[in-house]
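Below is one structure, written out as C-alpha cells; the observations come after it.
Here it is, written out as C-alpha cells:
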C-alpha cells in the first residue's frame, strides 16, 4: 500500500493536536508531506510552536512545519484562548520544541506541493486562510488536489462561536467561500458529526492507560479542553472535532453523510460565517461537498487510542 500524500493545515489547539498525532502515527497509510500552521485557535507564533512540539512528541522530526498566515483574508483575527488556554495546548505540559520551522511560507509550500505532485490531499483543521490564498495565487493547483477534508461548519447544530457560525469558518469566512467555490472535491466534518463524538472519563482513561508521553499528553489536553464544551452544552463529554478529518482518511466507513450544496455567508452581520446547507435538496444548486452527519463514536475512539498508542 502506497501512503496517501497529505498536507495538514492546522492551528493547534488540543483537538488539532490529537488529529496531527494520529496522522503522524499512521505512516503506512498517510505520508505527511508538510504541516502548515495558520492563526486561529491562538495566534500564529503559538500554532507554529505547538505544531513543532507535536512533531517532536510523535518522533517525526523529518516532517517540516511551515509558518502560514498571521491573520484572515479580510477580517481581524479572532482567537479562542478561552477554550484552549493561553498556550493553545494547555494540559499537555510539553517541553519547548527544539525543532525550527522550515524555510518558506505555508502558502508557497501548498502551491509547490500541489504543482509538483500528481495528487495531494489537503486536511484542514483550522481557518482556511492558507489554502484559500494558495488557490487565489495559483488556481491551477485545483487539478492536483484529489480531496480536501475540512473540519468546519454546522447546520442542524447551529454554531459554536455565534448562534449561526462554527469557529473555523467564522474566523475566515471569505477563505471558506474561496475553498467551497474552487471545484476541489470537499468532504466536510461539521459540528453535526463532531458533536456525536464525545469524550468521556472512560475514553480519556484509555489514553492515560497507554502510559506513554503521547498518551499522557493527549489525556491531559483533552481533560483541560473538554471542560468548556461540557459546561457550555451540558453534555457528558466534549466534542472531539478535528481528528474526524484524519479518522475519515483511515476508516471512512465509520462516517455517513451525503452530497449537498454548501454556501458561506460572508456579509457582515449576525449570520457571517454561517454555512448554509441545502440538505434536503430544495434548490437546483449542484452539490459541492460531501457533508458528514453521523459517526460510529466507539470505532472513532478505538482508532484514536490505537494510533496514539503507536507513538
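Numbering (this note's numbering), first residue to last: 6 to 316. Even for Gly, the Cβ is constructed at its ideal location relative to N, Cα and C.
{"Asked": "Neighbour-count burial assignment, residue 148, 16 or more Cβ in a 10 Å radius", "Found": "exposed"}
{"Asked": "Continuous beta strand (DSSP E) assignments of at least 3 residues falling wholly in the region 46-81", "Found": "none"}
{"Asked": "Backbone secondary structure at residue 89 - three-state DSSP", "Found": "helix"}
{"Asked": "Beta carbon of residue 61 nearer than 9 angstroms to that of residue 27", "Found": "no"}
{"Asked": "Burial state of residue 98 (16 or more Cβ within 10 Å)", "Found": "exposed"}
{"Asked": "CB-CB length for residue 156 against residue 191, believed under 8 angstroms", "Found": "The Cβ separation is near 12 angstroms, so there is no contact."}
{"Asked": "Among 314, 243, 32, 185, nearest to residue 68 - alpha-carbon criterion", "Found": "32"}
{"Asked": "Buried versus exposed, by CB contacts within 10 Å (16 or more), residue 105", "Found": "exposed"}
{"Asked": "Under 9 angstroms between C-beta atoms of residue 83 and residue 175", "Found": "yes"}
{"Asked": "Straight-line Cα distance separating residue 25 from residue 65", "Found": "11 angstroms"}
{"Asked": "Sufficient close CB pairs (3 or more, under 8 angstroms) joining the region 292-299 to the region 187-206", "Found": "yes"}
{"Asked": "Residue of 63, 257, 6, 85 minimising C-alpha distance to residue 18", "Found": "85"}
{"Asked": "Supposed close pair residue 223, residue 313 - CB separation, criterion 8 angstroms", "Found": "6 angstroms"}
{"Asked": "Spatial distance of residue 283 from residue 77 (CA atoms)", "Found": "26 angstroms"}
{"Asked": "Three-state secondary structure assigned by DSSP to residue 114", "Found": "helix"}
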